[in-house]
Ligand SMILES: NC(=O)c1ccc[n+]([C@@H]2O[C@H](COP(=O)([O-])OP(=O)(O)OC[C@H]3O[C@@H](n4cnc5c(N)ncnc54)[C@H](O)[C@@H]3O)[C@@H](O)[C@H]2O)c1
Ligand SMILES: [Zn+2]
């Protein structure tokens with residue numbers, strides 16, 4: 139089992155450990171008992187994960203004498219709302235939860251974001267732990283303490299920064315993950331590799347066959363660990379996304395806009411992959427990135443089965459105006475994370491709109 143320590147603001151009380159391994163449930167339970175963060179725990183999960191793992195996880199906790207109960211909500215992004223948060227909070231109160239209780243998020247990013255959000259506001263804040271079960275949650279959403287729910291007009295509009303007490307990343311959960319969900323996580327891993335660790339691209343390329351053997355997720359341990367180390371490093375330096383953390387948005391400025399313009403019919407990872415293709419093209423057009431680097435990474439995305447073309451039917455003007463409305467933009471300027479070389483990203487606020495238009499049109503052909 140690998141351990142990564144997340145150190146925040148040099149305040150020991152808010153630092154925590156992230157454990158990564160395969161089939162680590164028993165050891166996780168011991169660590170939770172030893173952590174003594176709460177007297178009683180509520181396992182929060184969605185219907186899919188509860189069907190697959192709910193009773194097994196509950197049994198492991200209970201067999202070690204941990205008082206734990208499960209609360210489930212319907213799987214899917216549509217559940218990531220303030221209404222679900224209220225329903226879960228009412229259920230918690232009804233079952234007698236108080237300030238000495240803790241939450242355990244068992245699931246993908248939806249469960250993690252929602253559970254963290256509830257934990258940050260229930261009785262002005264109670265502790266929570268994460269058991270991420272999708273590749274995306276393991277390498278991305280479970281690290282960094284961003285919690286939240288969606289509003290009908292935009293995603294993640296209500297939220298908090300609230301760090302968990304510990305994260306237990308068990309790649310054993312990936313055995314049942316649908317291939318499309320693997321692709322979502324893979325896109326974020328490729329993003330991390332591009333912005334900080336080009337050697338990870340080589341590793342992904344070398345191990346491609348092993349990694350896609352869905353029944354045996356062990357080879358993901360070193361990959362997930364390396365991606366987590368990258369996100370950890372960035373989050374530690376810039377917890378509240380004021381500067382450096384923005385480089386994690388590589389591929390996301392255009393990706394989010396494509397996702398929203400397609401009414402979320404395009405999965406996040408695919409949209410981010412298209413967004414990365416856009417950022418690579420812009421970087422090259424602006425004279426920052428050598429053609430050979432752009433071609434190598436584009437080739438890699440395609441080999442990995444990630445799309446680099448934007449669907450022709452999507453409105454270019456619609457995509458552009460979505461980018462201008464993104465909550466991360468300052469004033470009217472759209473900020474792009476661009477690349478000088480693999481591992482050398484920078485934030486650029488001065489990309490001419492005409493070039494953005496040309497890039498999107500180019501990706502459609
Ligand atoms: N907090 C952050 O920093 C951050 C970062 C990125 C994304 N997010 C959020 O994460 C969410 C997306 O997360 P996601 O991609 O994990 O989606 P998700 O939580 O909806 O999970 C995807 C699907 O996989 C199922 N599932 C989960 N684990 C499984 C397993 N082991 N086996 C089989 N099926 C399983 C789920 O029930 C769901 O149907 C979005 O709401 C996004 O905003 C947050
Ligand atoms: Zn993302």
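Numbering (the working numbering), first residue to last: 139 to 503.
All C-beta atoms in this analysis are idealised placements derived from N, C-alpha and C, irrespective of residue type, glycine included.
From a predicted model like this one, the values you see are computed outputs, not experimental measurements.
Under DSSP, the beta-bridge partners assigned to residue 285 are 298. Annotation for residue 495: the continuous alpha helix (DSSP H) segment containing it runs 491 to 502.
Residues of the same chain with a CB within less than 8 Å of the CB of residue 333, apart from the 5 flanking positions on each side, are 368, 385, 386, 388, 475, 477, 481 and 483 in chain order.
The beta-carbon distance between residue 179 and residue 204, rounded to whole angstroms, is 6 Å. This is short enough to meet the 8 Å contact definition. In terms of side-chain proximity, the C-beta atom of residue 198 is found no nearer than 7 Å to any non-hydrogen atom of ligand 1. In terms of CA proximity to residue 459, 392 leads the group 408, 392 and 317.
Residue 246 and residue 170 have their C-alpha atoms some 20 Å from each other.
Within the same chain, Cβ atoms closer than 6 Å to the Cβ of residue 163 are found at 198, the five residues on either side in sequence being excluded. Taking C-alpha positions only, residue 437 is separated from residue 215 by approximately 31 Å. Residue side-chain check: residue 410 places its Cβ nearer than 7 Å to a non-hydrogen atom of ligand 2. Relative to ligand 2, even the nearest heavy atom lies 7 Å or more away from the CB of residue 473. A check of alpha carbon separations from residue 233 across 244, 337, 352 and 181 identifies 181 as the nearest. Ranking 472, 315 and 244 by CA distance to the CA of residue 487 puts 472 first. Nearest to residue 308 by C-alpha distance, out of 140, 207 and 347, is 140. Of the heavy atoms belonging to ligand 1, at least one sits nearer than 7 Å to the Cβ of residue 284. Note that the C-beta distance between residue 210 and residue 239 is not below 8 Å.
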